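These notes concern the structure reproduced below.
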Amino acid sequence: MVPGPSLNEHHLIPRTYGGRDTVTMHRVCHAKIHAVLSEAELRDHYHTIASLRAHPDIAAFLRWVSRKPPEFIDRHASGRGRRR
């Protein structure tokens, strides 16, 4: 990871559920997590890096984004959309 605008802090348990611990990750990965998973799903099932990586949609995205440069920022991403 390259320090700068391509990184974000992700709360493993959402702040709305009292989460305080964060992990640093790429902005595009952070956006994908929130586009695919609800806060309740994050709280109940996907509050570890291992469980996030095991989710089929996240795993497929990680395979795709791994071919991008470390400082990659998707300027066309809509941001906070949900699939539900």
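The letter at position 77 of the sequence shown is residue 76 when you use numbering that gives the first Met the number 0, and the numbering goes up by one with no holes.
Built from N, CA and C at the ideal position, the CB exists for glycine as well.
Treat the numbers as computed from the prediction; the structure is a model and nothing was measured.
- Collapsing the DSSP output to three states places residue 38 in a helix.
- For residue 15, no pairing in a beta bridge is given by DSSP.
- Note that the C-beta distance between residue 7 and residue 26 is below 8 Å.
- Residue burial annotation: residue 35 is buried, with at least 16 other C-beta atoms found within 10 angstroms of its C-beta.
- Residue 28 holds the alpha-carbon nearest to the alpha-carbon of residue 72 among 55, 45, 56 and 28.
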